[in-house]
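Chains as they are written, first to last, in this note's numbering: chain E, 433 to 692; chain D, 5 to 255.
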């Protein structure tokens, strides 16, 4: 594992330049540049706020940060899985020419996604700071390890999604459909408490996305670091994903090229 | 020290008749019936043993599908041997699928850097070479344009210029002696010779038998995945010509 990471580090110039090109191409296309990727969660928040404030009683000061954190984190996980599906095909031309550690290609996807996540979090810091006042320094500090955890989780998910897509060409399509369903099973537009006492409340306990959402939500909304339980759950899920991803990479390193 | 050693190397891989499965298909077929999308086995290399040492220039010839390119990719480490041993000492640079490996939406300059990094350059080392690469490619202001808009010839020019800007220990070349238009071809041939003079070990595949005789020190003739003949370039080339056109070779 350590030698694998050193090998990845040795070729850092290569994947960094891929990420740089990806970001530059993406932002060159639009006048708004960086703002464009933030526009989607912001508009969605605005629309939902207007709609929900109309027929449900929500406090905008609570609801806006809640919704926006949910959307920003959700978008990150979807990007890692859905774009991750294409990661090996995007790198096909390199895979066919040079034997590099395969983890590079999902890494390219994950770094791009984590960049957008960080931008989203910066906006969130601003929004929550204005609406709810600044949180404790510990709360802000806890965001850094959380971000690292999300990144590792997202990278592993991208590895798994990319490999699955090489073998089953409808993976990306199925993932998109699956995420659309999961969206409504995830406390993004509603709160965990809203389902408390409901028959289906237990579903949220099983949802693997929830701990990662709380990792970011608790510090930003309640001004405290996330609870040990949440942290443990997120670490556990990440560990499982990392183990699965490294096993996959080890198995596929030599043979993936035959399936492309 | 540069060295390539293959000991009884086999390469076998599976391909599916209809490329890839869908998950739906997999689940349904798995439950009801098999073999609608049969797996076919390709035995591309059969017991190839080879030893190429420092200073040698090995030419490989053979008909289409004989396993030449597969052998090169195996040497480069892209394909792992299914059985047998592969040992390579020295840094490998390979020139195959030369027009591949570009990011289409990025411009020529960005792609020069990216491919340089892929070949193991660092930001410091590539900076000194960028101008030389740009000059050799003769692409001028086209380098500011996304590679997507390049013609095939322009892409080959750029790829060739980047790939040959390095000083390799082991050079693996697949049919790149005929790149670009006539003017560029002559320039490219010169560049290849310069590179060959610098590289410590070369393995090349070509259908241009004349240049194989001129450039290599030893030749192998690959036939259906195994070595049919090995020896001095002229000797192997003649045997090869004779095999395919006995009368023409005799004349």
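Backbone N, C-alpha and C define an ideal beta-carbon position, used for all residues, glycine too.
For residue 482/E, the number of other beta carbons within 10 angstroms of its own is below 16, and it is reported as exposed. Among the CB atoms of chain D, none fall inside 9 Å of the CB of residue 572/E.
Around the beta carbon of residue 646/E, a 10 Å sphere encloses 16 or more other beta carbons of the protein chains shown; the residue is thus reported as buried. Within the DSSP secondary-structure output, residue 89/D pairs in a beta bridge with 11/D. By the neighbour-count criterion, in which 16 or more other beta carbons inside 10 Å mark a residue as buried, residue 594/E falls on the buried side.
Within the stretch 98-176 of chain D, the runs of alpha helix (DSSP H) at least 4 residues long that lie entirely inside it are, in chain order, 112-122, 127-141, 156-167. Here residue 447/E is buried. Its C-beta has 16 or more other C-beta atoms within 10 Å.
Of all residues in the stretch 80-100 of chain D, only 80, 81, 82, 83, 84, 98, 100 come within less than 8 Å of chain E when Cβ atoms are compared, listed by chain position.
Its chain contains 490 as the residues whose beta carbon lies nearer than 6 Å to that of residue 484/E, once the 5 sequence neighbours on both sides are disregarded; these appear in chain order. Check the Cα spacing between residue 573/E and each of 635/E, 648/E, 629/E, 517/E: the tightest is with 648/E. Counting along the chain, residue 613/E sits inside the alpha helix (DSSP H) bounded by residues 603-616.
The Cβ neighbour count for residue 692/E, taken over all protein chains shown within 10 Å, is under 16; the residue is labelled exposed. Taking C-beta atoms as the reference points, residue 46/D and residue 14/D fail to come closer than 9 Å. Here residue 61/D really is in contact with residue 200/D; their C-beta atoms are around 7 Å apart, less than 8 Å.
For residue 121/D, the residues of chain E that pass the 7 Å Cβ criterion are 445, 446, 449, in the order they occur in the chain. Between residue 614/E and residue 641/E, the CB-CB gap stays under 9 Å.
Taking residue 91/D as reference, the option from 220/D, 9/D, 69/D with the minimal CA-CA separation is 9/D.
In this structure, the straight-line span from the alpha carbon of residue 525/E to that of residue 147/D is close to 21 Å. At a cut-off of 9 Å between C-beta atoms, residue 533/E does not count as an interface residue with respect to chain D. Annotated three-state conformation of residue 512/E is helix, per DSSP. In this structure, the straight-line span from the alpha carbon of residue 475/E to that of residue 144/D is close to 44 Å. Apart from the 5 residues on each side of it in sequence, residue 540/E sits with its Cβ closer than 8 Å to the Cβ of 447, 450, 451, 454, 519, 522, 523 in its chain, given in chain order. With contacts defined by Cβ atoms closer than 9 Å, residue 81/D and residue 533/E do not form a contacting pair. Approximately 4 Å separates the beta-carbon atoms of residue 552/E and residue 504/E; this is inside 8 Å, confirming the contact. Taking 9 Å as the cut-off, the beta carbon of residue 468/E is found no closer than this to the beta carbon of residue 618/E.
Rounded to the nearest angstrom, the gap between the Cα atoms of residue 559/E and residue 195/D is 59 Å. Inclusion of residue 665/E and residue 651/E in the CB contact set at 9 Å is not warranted, their separation being larger than that value.
For residue 438/E, the closest C-alpha among the options 493/E, 535/E, 592/E is that of 535/E.
Membership of residue 517/E in any beta strand (DSSP E) is not indicated, and neither H nor E is assigned to it by DSSP.
Per the C-alpha coordinates, the member of 686/E, 493/E, 600/E, 501/E positioned closest to residue 556/E is 501/E. Under the 8 Å Cβ criterion, the stretch 201-215 of chain D does not count as touching the stretch 117-130 of chain D, having fewer than three qualifying pairs. By the neighbour-count definition (other C-beta atoms within 10 Å, threshold 16), residue 113/D is an exposed residue. Of all alpha-carbon atoms in 680/E, 581/E, 600/E, 604/E, the one lying nearest the alpha-carbon of residue 549/E is that of 581/E. Listed along chain E is no residue with a C-beta nearer than 8 Å to that of residue 178/D; the closest approach is about 10 Å. Counting only Cβ-Cβ distances below 7 Å, residue 26/D has contacts in chain E at 600, 601, 602, in chain order. For residue 686/E, the C-beta contacts it makes with chain D under 9 Å involve 83, 84, in order along the chain.
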